[in-house]
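2 protein chains.
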Amino acid sequence: MRTKVIILLGVLFASTAVYAQQDTMLFDTPNGVYEVINHRFSSAIFMRSFMRVQAEIDAVIEKPILVPVPKDPGGGYTHEQHKSNYKHMYQAGLVYQITKDKKYVTYIDHMLLDYAALYPTLSLHPVKASSEPGRLFWQTLNESVWLVYTSIAYDCVREQIPAKDRAIIQKNVFYPMAEFIMQGTPNNKKTFNKMHNHGTWADTAVGLIGYTMGDKTLVDKALYGTERDGKGGFLLQLQKLFSPDGYYTEGPYYQRYAILPFMLFAQAINHYQPDLHIFQQRDSILLKAVKVLPALAYKQQFFLMNDALEKTLSSAELVAAFDIAYAVSKDPAFARFAMKQPDVLLSSAGLATALEMSRLAGEKAVAQQSVCLSDGPEGKQGAVAVLRHGASDGVCFVFKATSHGLSHGHFDKLSYSLFNHGEQILTDYGAARFLNVASKSGGRYTTENKTYAKQTVAHNTLVVDQTSNFDGSKKKASHFAPHIDYVDITNPESQIVVATDSNAYASLGVILKRTVAMLTIEKGEEPVIIDLMMADAKDHKMHTYDLPFHYSGQLIATSFDQKLYPDHLSALGTDNGYQHLWKESDTLIKEGGNRNVHFTFLIKKHFYSVNTTTLSDMGPIEAMHLRIGANDPSMNLRPEPVLMYRVQNKANHQLFASVLTTHGLYDLVGEKTTGSQSIVNDLQVSEEMDGTITFKFKYKNKLVVFTQTNKENHVKINYHL
Amino acid sequence: MRTKVIILLGVLFASTAVYAQQDTMLFDTPNGVYEVINHRFSSAIFMRSFMRVQAEIDAVIEKPILVPVPKDPGGGYTHEQHKSNYKHMYQAGLVYQITKDKKYVTYIDHMLLDYAALYPTLSLHPVKASSEPGRLFWQTLNESVWLVYTSIAYDCVREQIPAKDRAIIQKNVFYPMAEFIMQGTPNNKKTFNKMHNHGTWADTAVGLIGYTMGDKTLVDKALYGTERDGKGGFLLQLQKLFSPDGYYTEGPYYQRYAILPFMLFAQAINHYQPDLHIFQQRDSILLKAVKVLPALAYKQQFFLMNDALEKTLSSAELVAAFDIAYAVSKDPAFARFAMKQPDVLLSSAGLATALEMSRLAGEKAVAQQSVCLSDGPEGKQGAVAVLRHGASDGVCFVFKATSHGLSHGHFDKLSYSLFNHGEQILTDYGAARFLNVASKSGGRYTTENKTYAKQTVAHNTLVVDQTSNFDGSKKKASHFAPHIDYVDITNPESQIVVATDSNAYASLGVILKRTVAMLTIEKGEEPVIIDLMMADAKDHKMHTYDLPFHYSGQLIATSFDQKLYPDHLSALGTDNGYQHLWKESDTLIKEGGNRNVHFTFLIKKHFYSVNTTTLSDMGPIEAMHLRIGANDPSMNLRPEPVLMYRVQNKANHQLFASVLTTHGLYDLVGEKTTGSQSIVNDLQVSEEMDGTITFKFKYKNKLVVFTQTNKENHVKINYHL
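As structure tokens, this is what we get:
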């Protein structure tokens, strides 16, 4: 069917100088629309979505159209009303395309005429909270989103709207808005040409409205940047923002968000300019980018790395991503992902996906595979490794050794998070933000996002001298990425990744290296995680090394007698995120003995332990129990617990060796508790002159020896029981 | 069918001086067993349970029998092993009864012989943590539970065990254990005769073993107390521990726990001594007690009042309760409750319930009704009111104005908790305990249960002069209960309860009164809760009134500018639970103006606000944000938030008037936030000389006036819009 479409488009191109306007093409092809009209009843899944949308828009269409003068920030009335408006125009357009009921045309026509009356009267939005304010919305970003959906709506009904109305709408809304998005402010122009999700939305908005208005210049600017020189625009974003593995550099939360304009614009390009072979570009990079989305989630929820809120694979953006990807590729994997979503697109792509979903319905679920996704346009800016074991709610360990990730990146080099039994065990805080809640910094990222959530100490990685990576400078961070030294994840029972970061603490002369391994010690038992966190200091100056473990649930036991501050608490520090941590306990663990420390915590029905040791010539271990929440005047932070180990000394080599385990059962309903104590002990770690590290520990009385040799830049890892 | 059984038993009685032993009767009748053997295949539900149990016991029976010398506390190896043993004997007994496979007899026989070798060698358990230590277990309670299950197991296979083994087992285990439970220590004797769940377990253990060994004396002691004078024992417990409405005085958590021995012993009594008409006693009090269980739960989970952990309606204890109740009464309500459970009993009661469950399978769910359950044997010791609205995950407001509830009671007079959208909104802390986790106070209640969880300030009720009700004395508290002044819960859109407590703060000369109402202001909208918390001081001395709101989720806004302690925290007080609260903010709200305060918080997708005002002649309001966790050396407490209002003055009448609302939507997936701001404002409350209280507020611009007149000991409540 796609072949047919391409031929048809070829014909259209041959007959017009610019782009054809006789048919709607932005969201579906004429053939596609024909398919949907005639065959929609063959899919109950498609019809469920269609009827839901139709019922929703039919209820709305009865009510008066409201196009208020912009006034409120995100979450406020005018903001939400303009959001509803584009959503409803979009719904009306798609339902018109299928039903051909003129009432939807009238609705869109009238609403757009209202916008045509309002828009020319607007200067910048009164809430000046953003560096890129819009006119309808407080951020230009929202304006772009408005134009993306409205372009599709307009394209569906365009030929039915009286020509004089079309002229008014295009002149008073679409052209000025496209201009505004491209260069309404200097920042807007920068963003439009930028390699960033805001840029993708802006390009897509201008590209889509360009196609439907038949304006090649607008489309070219969207594709190649304002100067049409290829130094900005959508095609360059395709090159720069994804790694060869399809990982989007801002991380999963924004990959989910950006994939929607990427796929909507690509779909339109595919219809109007098939010769660009947009979906085949860079070895089908867009399809790869869609395909890795589920790999970046645990139990449907995206990992919280970088600025991230809790978003799932059933987010609306992904309906479009999965359905379009399926229609383009006919790869059942995409239809499989789509099965977790409540809806399909109201287009031939959605219908094709729905039919494939029915075909796959009886299939058995397949366990997710471990992946190591490179970052950077060349795939050379580190990677994120996702090590999994067992069922979809089994163990999942996420090791982040990526580039910074643009403006939403966190200073979290070589950090990790851990999931098991459906829960987040060792956590990534994500972002400090209450989306669109007006009383919380107007719904934007709160101050604490920068002062806490982005800082190194807010992550499960080593903090040197109580400072953040790259001194907390995004600019500095943007130039560097960790190096992946070693990856072996083919055997689920023994998965190993090693990464080095030579830059995050370069100003202190410290190089970080971390080895993480997921090993099944006893067949049938849950795997353990081995973590060797190393720091090489070039100098022999005194350094402080802090290794925090951000955990969920409730503390059950510590191997040391915690020295608590029973009735007075103070903040741990004054900056770099330390000012936001209450110091609840501070225990200097005496030297000598086996240098073993551990803590155990409980989440729902399972116990988790982190057992740690250090090299014998390291200073004494100081253990602190911390709680997030100090210096937080609006109580924006969640009061989560942290167990942090600190060593201070002049040695030029530091090493924290840990084993993370799941054990026991806390069965309240069955009134049965077993295995609440750590199953690992007698940890010993040593390092030889040639860099060989030997880490031994007992796992339920079984001796495990993990050896890592580091010769000629190759890492060789052995372990035996 | 029940009639037939009774006739059969009558014959047996006529033929023996004591109780017949030829047949198994403790858990099922001979006719019942016949039914199960022949008709079990007619129920897939029953067979699923049967096959699961059979598979479990068949796997166990292959392994060596382990009867270790007692050593460990709850959660430890020997404790859990002896628990497993009684469970497996019980399973083996029931499966034998159906399959007649002798391997199960051998298993029980051999295990009991091992116990017969061990038990005589034991003195008191080495872990002396309880005031009633056992011999096999650290608590006699566990010993009683062991004997309950073992009695049933033994009864199933008794006639197949060689006579000489029976003699050894009875002589070395059953008799000495029954003696030990009854009077092994002075405390055991006290407990055996006590009105308390430990007593019920003890009586049931001795009663069941008495029946199966044919020892009338033991049975009589179990039924009538050690002196067989009716001043103790099971029958008196039936009179004393339940209210006429079936509410168990210790609260839902222990009602769930105690109902199992009550029903197991009653079932046996019904088989052996049908003339006692045990299930008809006190207007079928046992059936009533089973029937109210679901009324004391929200979304299957029992309310956390008094000492309580998170237990659900699918707890194993309730399988027996619902199935036996159904078999006795044939009331489909019990089979309906049983449908939420994973299993049925392996008896004719379970089979009958399973068949009824199949019959009911297509039924539509019925919304739960509001109830007001009296407390106390005469129903005159206050009540717990459960006000519900809408679906099972809709609004549920629990107002606790009960008697103290024995040793597990909390000092929480007139407190409440609130649920909505499937979540706990205003919380009851429940108990501080990690069940059977050895590192946490050996799995018992932790110290903080007494020093925090039981204290008044740990609940959503008024605290006078920073002391707990009855000065925290259980002994004092046991003599008194609140009075229910007014109940009208028949109209779901307007439910009102008023209660007075004249005793909790009698030593300070203060009487408490609280009016709570669940009102639907706008049809189709969620109801609001109105709360008038009143205190009458007889003197004109200075009193401090603290009204804490224990909430879930995250703070979104306060109507006042919180004065936080940014980088230093201290404990709020030194005793009565105040020592466990960190003072995070302390804001003196200026007098004058409308005296309105509110705070808003977010739980998952919904916003909740508490709007409060006071009488105009009360002192200024001080608002404190607190967090649980100070002076908690083992970090046993959960760091939950509390918003507390304080007024201090000499007035002889104090009144806090609040409105609790649910509003808005925080839809992260749909990226839509609406209605995050409180929908209530302009609160005004006034009191006239005759005690009439007028509470006015605006609800979305609609004026609500709530008037309460208090004449001639009658409460008359009006509200109009």
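Going down the list, the sequences are from chains S and L. Each residue of the first sequence is one higher than the one before, counting from 32 in my numbering. Each residue of the second sequence is one higher than the one before, counting from 32 in my numbering. All C-beta atoms in this analysis are idealised placements derived from N, C-alpha and C, irrespective of residue type, glycine included.
- Lysine 195 of chain L counts as exposed, since fewer than 16 other C-beta atoms from the protein chains shown sit within 10 angstroms of its C-beta.
- Within the segment 596–607 of chain S, the residues whose Cβ lies closer than 8 Å to any Cβ of chain L are, in chain order, Pro597, Asp598, His599, Leu600, Ser601, Ala602.
- Sequence-ordered contacts of the segment 72–91 of chain L with chain S are nonexistent [C-beta pairs closer than 8 Å].
- The beta carbon of glutamate 653 of chain L sits no closer than 7 Å to any beta carbon of chain S.
- Residues of the segment 488–509 of chain L that bring their beta carbon within less than 9 Å of a beta carbon in chain S are absent altogether.
- Histidine 514 of chain S carries a strand assignment under DSSP once its states are collapsed to helix, strand and coil.
- Interface annotation, proline 664 of chain L: in contact with chain S, CB-CB separation under 7 Å.
- The Cβ atoms of valine 250 of chain S and glycine 256 of chain S do not sit closer than 7 Å to each other.
- Judged by beta-carbon spacing, glycine 473 of chain L lies beyond the 7 Å limit of proline 217 of chain L, meaning their Cβ atoms are not closer than that value.
- Between threonine 181 of chain S and valine 547 of chain S, the alpha-carbon positions lie close to 48 Å from each other.
- Nearest CB-CB separation between isoleucine 587 of chain L and chain S: below the 7 Å threshold.
- DSSP, reduced to helix, strand and coil, places glutamine 122 of chain L within a helical segment of the structure shown.
- By the Cβ neighbour-count rule, asparagine 69 of chain L is exposed, with fewer than 16 other Cβ atoms within 10 Å of its own.
- Within 10 angstroms of the beta-carbon of glycine 393 of chain S lie fewer than 16 other beta-carbons, which makes it exposed.
- Under the Cβ distance rule, glutamate 341 of chain S counts among the residues neighbouring chain L, one pair being separated by less than 7 Å.
- Setting aside the 5 residues that flank it on each side, threonine 109 of chain L is surrounded in the same chain by Pro99, Pro101, Lys102, Asp103, each with a C-beta closer than 6 Å to its C-beta; the list follows chain order.
- For valine 321 of chain L, there is no enclosing beta strand (DSSP E); the enclosing alpha helix (DSSP H) has its first and last residue at 312–322.
- In the three-state reduction of the DSSP assignment, glutamine 585 of chain S falls in the strand class, which pools E and B.
- DSSP places glutamine 286 of chain L in the uninterrupted alpha helix (DSSP H) bounded by 283–303.
- Under the three-pair Cβ rule at 8 Å, the segment 431–446 of chain S counts as touching the segment 517–532 of chain S.
- Residue nearest to valine 673 of chain S within the set S/Asp260, S/Asp89, S/Leu603, S/Ala366 is S/Leu603 (criterion: CA-CA distance).
- Close partners of arginine 669 of chain S in chain L (Cβ separation under 9 Å): Gln585.
- Its chain contains Gly277, Ala364 as the residues whose beta carbon lies nearer than 7 Å to that of lysine 322 of chain S, once the 5 sequence neighbours on both sides are disregarded; these appear in chain order.
- Scanning S/Gly264, S/Glu524, S/Arg545, S/Pro579 for the CA closest to the CA of isoleucine 552 of chain S turns up S/Glu524.
- Here tyrosine 697 of chain S carries a strand assignment [DSSP, helix/strand/coil].
- At the C-beta level, asparagine 491 of chain S and histidine 581 of chain S come within 7 Å of one another.
- Counting C-beta atoms within 10 angstroms of its own C-beta, arginine 658 of chain S has 16 or more neighbours from the protein chains shown and is therefore classed as buried.
- With fewer than 16 other Cβ atoms inside 10 Å of its own Cβ, leucine 752 of chain S counts as exposed.
- With fewer than 16 neighbouring CB atoms inside 10 Å of its own CB, asparagine 732 of chain L falls in the exposed class.
- Put simply, the backbone Cα of glutamate 348 of chain L is about 12 Å away from that of leucine 324 of chain L.
- Contact check for threonine 631 of chain L and isoleucine 561 of chain L: beta-carbon distance about 18 Å, past the 8 Å limit, so the pair fails to qualify.
- Here the alpha carbons of leucine 335 of chain L and leucine 418 of chain L stand approximately 16 Å from one another.
- Inter-residue distance for aspartate 354 of chain S and threonine 384 of chain S is about 6 Å (C-alpha atoms, whole angstroms).
- Each of S/Glu341, S/Gly381, S/Ala328, S/Ser389 was checked against the Cα of glutamine 400 of chain S, and the nearest Cα belongs to S/Ala328.
- For alanine 530 of chain S, the enclosing beta strand (DSSP E) begins and ends at 525–536.
- Within 10 angstroms of the beta-carbon of glutamine 311 of chain L lie fewer than 16 other beta-carbons, which makes it exposed.
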